[in-house]
Amino acid sequence: MNLESLREATRQQMPEKRWKHTLGVVETAIKLAKRYGGDERKSELAALLHDYSKAWAIDRMETIIREQNLSPDLLVFDKELWHAHVGAWAVEAEHGITDDEVLDAIRYHTSGRVNMTKLDKIVCLADYIEPGRDFPGVNKLRELAEFSLEEALISAFGSTIAVLAERGKRIFPLTVLARNDLIVQFK
Ligand code: DGI
Ligand code: FE
Ligand code: FE
Ligand code: FE
């Protein structure tokens, strides 16, 4: 599978704004991989594909979660989480991506997970801090990302959890577990 046709196929899944975000995540993931000794090729591929299914209809994602037996827990939590798991399934089904490290980085880019790999961390953090992102605290995260992937992610998950709680939303347990695990391992 060549990268150019994968780029074109990915672009076709989403509106222009989401594609710009994707290019920002690719650029940032490559930078983080260089900075932290990650695999640049896998970082680029996982970043390119991380939001593959983001713009798909909710019904389409729900059908895939049910029919492909993706974590049934997902259906109980926020729909915002679905595209990550559906995307990992879709790039394998539609484009024959079989590298589990890349598929997991896509699958867990929204929630994080316990024992995140370096690739998971790079993609998840790049998604938070790519140049097009603008939310309260993003510059602080960009600064933290200069010296620690883990410190930056602990802070990023902390603010996501706080924002969700503030809005009275459910919190996907894996995000809490991911943050706890990073604190135990890196603080
Ligand atoms: O797809 P993107 O918008 O680029 O970014 P993303 O995949 O990180 O999705 C982030 C959204 O998911 C963000 O608005 C917060 C929301 N979300 C909802 N429930 C949860 C959650 N994020 C996490 N980490 N944990 C949740 O429980
Ligand atoms: Fe996403
Ligand atoms: Fe994210
Ligand atoms: Fe994204």
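The working numbering runs 1467 ahead of the 1-based position in the sequence shown. Even for Gly, the Cβ is constructed at its ideal location relative to N, Cα and C. A quick note: this is a predicted structure, and the numbers were derived from the prediction, not measured.
Q) Looking at residue 1587 and ligand 1, is the gap between the Cβ and the nearest heavy atom below 7 angstroms? A) Against the sequence shown, residue 1587 aligns to sequence position 120. Incorrect: residue 1587 has no Cβ contact closer than 7 angstroms to ligand 1.
Q: Run through the region 1543 to 1591 for me and flag every whole alpha helix (DSSP H) of 4 or more residues, listed as ranges in chain order.
A: 1549 to 1562 and 1567 to 1574
Q. Can you list, in chain order, the residues of its chain whose CB lies under 6 angstroms from that of residue 1553, leaving out five sequence neighbours each side?
A. Residue numbering aside, residue 1553 sits at position 86 when the sequence shown is read from its first letter. Excluding sequence neighbours, residue 1553 sits near 1520, 1528 and 1531.
Q.
Which residue marks the beginning of the alpha helix (DSSP H) containing residue 1533, and which one marks its end?
A. Looking up residue 1533 in the sequence shown gives position 66. It spans 1525 to 1534 - the alpha helix (DSSP H) in which residue 1533 sits, taken as one unbroken run.
Q) Under a three-way DSSP split, which group does residue 1517 fall into? A) In the sequence shown, residue 1517 corresponds to position 50, counting from 1. Reduced to three states, the DSSP call for residue 1517 is coil.
Q) Taking 7 angstroms as the cut-off, does the CB of residue 1548 come closer than this to any heavy atom belonging to ligand 1? A) The residue labelled residue 1548 in the question sits at position 81 within the sequence shown. Correct: residue 1548 has its Cβ closer than 7 angstroms to ligand 1.
Q: Report back the beta-carbon spacing between residue 1499 and residue 1592 to the nearest angstrom; my notes put them in contact at under 8 angstroms.
A: Within the sequence shown, numbered from 1, the residue matching residue 1499 stands at position 32. Within the sequence shown, numbered from 1, the residue matching residue 1592 stands at position 125. Yes, residue 1499 and residue 1592 are in contact; Cβ-Cβ is about 6 angstroms, under 8 angstroms.
Q: Please write down, chain order preserved, every residue whose beta carbon lies under 6 angstroms from a heavy atom of ligand 4.
A: 1488, 1492, 1517, 1518 and 1594
**Q.** DSSP state of residue 1487 mapped onto helix, strand, coil
**A.** As a first step, residue 1487 is located in the sequence shown; it is residue number 20 there, counting from the start. Note: residue 1487 maps to helix in three-state DSSP.
Q: Can you give me the Cβ contacts of residue 1544 inside the same chain, cut-off strictly under 7 angstroms, excluding the 5 residues immediately before and after it?
A: The count along the sequence shown starts at 1 and reaches residue 1544 at position 77. The answer, listed in chain order, is 1637 and 1639.
Q. For residue 1570 versus residue 1509, is the C-beta spacing smaller than 8 angstroms?
A. By 1-based counting over the sequence shown, the position of residue 1570 is 103. By 1-based counting over the sequence shown, the position of residue 1509 is 42. Result no, Cβ atoms of residue 1570 and residue 1509 do not sit closer than 8 angstroms.
Q.
With three or more beta-carbon pairs closer than 8 angstroms as the criterion, would you say the region 1571 to 1585 touches the region 1547 to 1562?
A. yes
Q: Spell out whether any CB of chain D is found under 8 angstroms from the CB atom of residue 1487.
A: No chain D appears in the structure shown, which is made up of a single protein chain.
Q) Between residue 1520 and ligand 1, is the CB less than 7 angstroms from at least one heavy atom? A) Taking the sequence shown and counting its residues from 1, the one referred to as residue 1520 is at position 53. Because no heavy atom of ligand 1 lies under 7 angstroms away, the Cβ of residue 1520 does not count as near it: no.
Q) Does DSSP put residue 1479 in a helix, a strand or coil? A) If you number the sequence shown from 1, residue 1479 lands on position 12. Note: residue 1479 maps to coil in three-state DSSP.
Q: Can you grab the Cα-Cα spacing for the pair residue 1635 / residue 1628, in whole Å?
A: For the purposes of this step, residue 1635 is taken as residue 168 along the sequence shown, with counting starting at 1. For the purposes of this step, residue 1628 is taken as residue 161 along the sequence shown, with counting starting at 1. Computed Cα separation, rounded: 11 angstroms.
Q. Does the beta-carbon of residue 1502 have 16 or more other beta-carbons within 10 angstroms, so that it is buried, or is it exposed?
A. In the sequence shown, the residue the question calls residue 1502 occupies position 35. Exposed, by the Cβ-count rule.
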